[in-house]
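See below for the structure under consideration.
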Amino acid sequence: MIKKHQFLLFIIGLISMSSFGQGKLFIIGGGKRPPALIKRMTEEAKLKEGYGIVLSMSSGEPDTSSYYGVLQFKELGFKNVSSMFYTTEQPPSATALDSIRNASLIYITGGDQNRFMKRIEQTGIYEAIHQCFDKGGMIAGTSAGAAVMSELMITGDERNYPDYDDTGRSIEKNNLIYGKGLGMMKNVIIDQHFIQRSRYNRLFTAVIEHPKMLGIGIDESTAILVHQNTFEVVGVSQVILVEKPKKIDSKDTKFSTEKISVSILKSGDKIKL
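Converting from the sequence shown to our numbering requires adding 1319 to each position, the first position being numbered 1.
If you want it as structure tokens, here you go:
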């Protein structure tokens, strides 16, 4: 009986651990990536002990995106990083999927987050990325590669204003269009290029529509390093947190809320999720 009880506790412990994942996330808000930022990413990923893969499926110019994605690591002396590009029409082989599963670092380039999620449909890449994370690998991304990290993904599209706008022009209901991201972070909404492109309206709207979620706006040349239930800000700018809207009024098209929490974090600040 004691052995059965101990075994049950062991299994419960494994389930509890897997709910957080064993790996790390390095989510960059886009823009230039200073060498110090990339260096921190490679150190946290223990890239010297393994290998990295750049995934360029977000990009409209994947060859160029792959080249510069790999180059940033080469400039720091890493020769163990290669690129991959696959689509539903040209899916990866079993060997390629195995390489993704066992990588020390998966890096998702910028571009269009909708394009990335569309291209990996039914390829096995979604599952392989999660398996890499569960085995202790780091999943990183910039710009669109940041947007895909949350489960509820801001697509950048608006119903009421179909002409693309970098910032978001209003705080109103049923306007933002959401998609399904990779779900590396639960109960969180990620936005990128945040301060540089003044995307406050967009994140305010997303959090008001999903009041139990935490909105994280990451500025350019800045990242959050996530491990289990804690994240640290890394880089040259700031991260904005938006959460806990109170007394939401959505009777007409415009939202109002009596109170909403906004925090400003800079490099070195740490937060428990």
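By construction, the Cβ of each residue, glycine as well, lies at the ideal position given by its N, Cα and C atoms.
Just mark Ala1525 as buried or exposed, buried being the case when its beta carbon has 16 or more other beta carbons within 10 Å. Mapped onto the sequence shown, residue 1525 falls at position 206. With 16 or more other Cβ atoms within 10 Å, it is buried.
What number of angstroms, rounded off, separates the C-alpha of Met1532 from the C-alpha of Glu1470? By one-based count along the sequence shown, residue 1532 stands at place 213. By one-based count along the sequence shown, residue 1470 stands at place 151. The alpha-carbon atoms of Met1532 and Glu1470 are separated by roughly 11 Å.
Work out the CA separation of Leu1501 and Ile1331 for me, nearest whole Å. Start at 1 with the first residue of the sequence shown, and residue 1331 comes out as number 12. Start at 1 with the first residue of the sequence shown, and residue 1501 comes out as number 182. With a pLDDT of 39 at Ile1331, under the threshold of 50, the predicted position of this residue should be treated as unreliable, and no value is reported.
With a threshold of 8 Å on Cβ separation, who are the neighbours of Glu1440 within its own chain once the five nearest residues in sequence on each side are excluded? On the sequence shown, residue 1440 is found 121 positions in, with the first residue counted as 1. For Glu1440, where only same-chain residues beyond five positions count, the Cβ hits under 8 Å are Thr1407.
Any idea if Ser1575 is buried or exposed, counting beta-carbon neighbours within 10 angstroms, 16 or more meaning buried? Taking the sequence shown and counting its residues from 1, the one referred to as residue 1575 is at position 256. By the neighbour-count rule (16 or more Cβ atoms within 10 Å), Ser1575 is not buried but exposed.
Taking C-beta to C-beta, are Thr1541 and Gly1554 nearer than 7 Å? The residue given as residue 1541 occupies position 222 in the sequence shown. The residue given as residue 1554 occupies position 235 in the sequence shown. Yes, the pair counts as a contact, with Cβ atoms nearer than the cut-off.
Below 8 Å CB to CB, which residues in the same chain sit around Ile1579 once its five sequence neighbours on both sides are set aside? Stepping through the sequence shown from its first residue, residue 1579 is reached at position 260. Result list for Ile1579: Phe1523, Val1526, Ile1527, Val1561, Glu1562, Lys1563, Pro1564 and Lys1565, in chain order.
For Asp1476, which residues in the same chain have their Cβ closer than 7 Å to its Cβ, ignoring the five residues on either side in sequence? One-based indexing of the sequence shown puts residue 1476 at position 157. Answer for Asp1476: Ile1496, listed in chain order.
Paired residues, beta bridge with Tyr1387 - DSSP: The count along the sequence shown starts at 1 and reaches residue 1387 at position 68. Looking at the DSSP assignment, Tyr1387 forms no beta bridge with any residue, so it has no partner.
Between Pro1411, Ile1535 and Lys1570, which lies nearest to Glu1446 when the distance is taken from Cα to Cα? Residue 1446 sits at position 127 when you count from the first residue of the sequence shown. Comparing Cα-Cα distances from Glu1446 to each of Pro1411, Ile1535 and Lys1570, the minimum goes to Pro1411.
If you pair each beta-carbon of the region 1452 to 1471 with each one of the region 1501 to 1516, do three or more pairs fall below 8 Å? Using a C-beta cut-off of 8 Å, the region 1452 to 1471 makes contact with the region 1501 to 1516, since at least three inter-stretch Cβ pairs fall below that distance.
Give every residue of the same chain whose Cβ lies closer than 8 Å to the Cβ of Arg1521, excluding the five residues on either side of it in the sequence, and list them in chain order. Within the sequence shown, residue 1521 is the residue found at index 202, counting from 1. Ile1473, Thr1486, Gly1487, Leu1495 and Asp1510, listed in sequence order.
Can you tell me whether DSSP reads Glu1368 as helix, strand or coil? Translated into positions along the sequence shown, residue 1368 becomes position 49. Residue state, collapsed to three classes: helix.
Are three or more beta carbon pairs between the region 1581 to 1591 and the region 1370 to 1381 nearer than 8 Å? no
So the candidates are Arg1478, Asp1453, Phe1435 and Ile1357; which of them puts its Cα closest to the Cα of Leu1395? The sequence position of residue 1395 within the sequence shown is 76, counting from 1. Out of Arg1478, Asp1453, Phe1435 and Ile1357, Ile1357 has the C-alpha closest to the C-alpha of Leu1395.
Between Gly1430 and Gly1349, which are expected to be in contact by the criterion C-beta below 8 Å, what is the C-beta distance as a whole number of angstroms? Numbered from 1 along the sequence shown, position 111 holds the residue referred to as residue 1430. Numbered from 1 along the sequence shown, position 30 holds the residue referred to as residue 1349. With 8 Å as the limit, Gly1430 and Gly1349 do not qualify as a contact, their Cβ atoms being about 11 Å apart.
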